[in-house]
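Undergrad: One point on numbering: in numbering that gives the first Met the number 0, the residue at position 113 of the sequence shown is 112, and numbering is uninterrupted. Glycine included, each C-beta is placed from N, C-alpha and C at the ideal position. Dumping the structure here so I can ask a few things about it.
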Amino acid sequence: MLKLLAALGLAFALSAFPAMAQTDADTDAAVDSTLGDHTAYRAAFDAIRKAVADGDKAGFAAWVSYPIAVTADGEKMKLSDAAQFEEHYDNILTDEIKTAIMDQKWQDVFVNYQGIMYGNGQVWLNGICKDDKCGAFDVKVVTIQSTADITPKAN
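Right, here's the structure in full:
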């Protein structure tokens with residue numbers, strides 16, 4: 000009986016954490032079933048990567064959901080629009096964050112109800128509903144953070 004409970008507990012624990020996909024089709028299916036239309040997420044994923052590769056501050060800022068809380072030069076701030084984001088872009092998108100974006104492959108993204116994760120959680124994408132029923136949504140960057148900001152602290 001104890002072995003059965005342990006096996007059931009392990010099965011439940013493993014099912015609570017989505018596995019990373021191994022192909023583009025796997026990722027597409029995971030996004031479709033968890034978040035919605037994968038084509039919208041893939042378009043955002045590719046456009047964000049291109050904006051970072053090109054150093055296109057305005058292009059990246061257009062994909063951000065505002066207001067957004069970020070840390071720039073060690074200072075926490077809340078940015079309310081693209082102009083503010085562009086002003087602080089170089090201090091927000093550190094080398095660590097740019098690397099997380101550029102190194103992330105679509106087939107390897109982590110997908111769950113919170114969105115699509117780049118790297119180790121440096122950047123998250125998710126759908127922002129356009130209406131109360133969420134019949135339509137825009138895919139936006141909802142989180143930008145250094146791994147130093149997300150490292151669990153000991154109790």
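Here's a check: name, in chain order, each residue in its chain whose Cβ is nearer than 7 Å to the Cβ of M76, leaving out the five neighbours to either side.
TA: Excluding positions up to five away in sequence, the list reads V69.
Undergrad: Which residues share a DSSP beta bridge with Y117?
TA: According to DSSP, which records beta bridges pairwise, Y117 is partnered with V122.
Undergrad: For a test of the three-state rule: what should DSSP assign to A68, helix, strand or coil?
TA: In the structure shown, A68 sits in a strand (DSSP, three-state: E or B).
Undergrad: Within the same chain, show all residues whose beta-carbon is closer than 7 Å to that of G35, passing over the 5 residues directly before and after it, in chain order.
TA: Correct list, in chain order: G126, F136.
Undergrad: Under the three-state reduction of DSSP, which class applies to F16: helix, strand or coil?
TA: Confidence at F16 is low in this model, with a pLDDT of 43, below 50, so the placement of that residue should be treated as unreliable; the coordinate-derived value is given next. Note: F16 maps to coil in three-state DSSP.
Undergrad: Using DSSP bridges, identify the partner residues of V110.
TA: According to DSSP, which records beta bridges pairwise, V110 is partnered with I115.
Undergrad: Determine the direct distance from the alpha carbon of D130 to that of G8, and round the result to whole angstroms.
TA: Residue placement at G8 is poorly supported in this model, since its pLDDT is 44, which falls under 50; the coordinates are not used for a value here.
Undergrad: Quick one: grab the DSSP three-state call for D130.
TA: DSSP places D130 in coil when its eight states are reduced to three.
Undergrad: Are W62 and A82 closer than 8 Å when you measure CB to CB?
TA: The answer is no: Cβ separation not under 8 Å.
Undergrad: Is the beta carbon of I91 closer than 8 Å to that of V122?
TA: Their beta carbons are not under 8 Å apart, which means V122 does not touch I91 by this criterion.
Undergrad: In three-state DSSP terms, what is T146?
TA: The answer is helix: DSSP assigns T146 an H, G or I state.
Undergrad: So, for H87: in the same chain, excluding its five sequence neighbours on each side, which residues have a beta-carbon less than 8 Å away from its beta-carbon?
TA: If we look at H87 and ignore the five residues flanking it on each side, its Cβ neighbours are V69, A71, M76, L78.
Undergrad: By the DSSP assignment, the beta strand (DSSP E) with K56 in it spans what residues?
TA: It is not in any beta strand (DSSP E) - K56 instead sits in the alpha helix (DSSP H) that spans 56-60.
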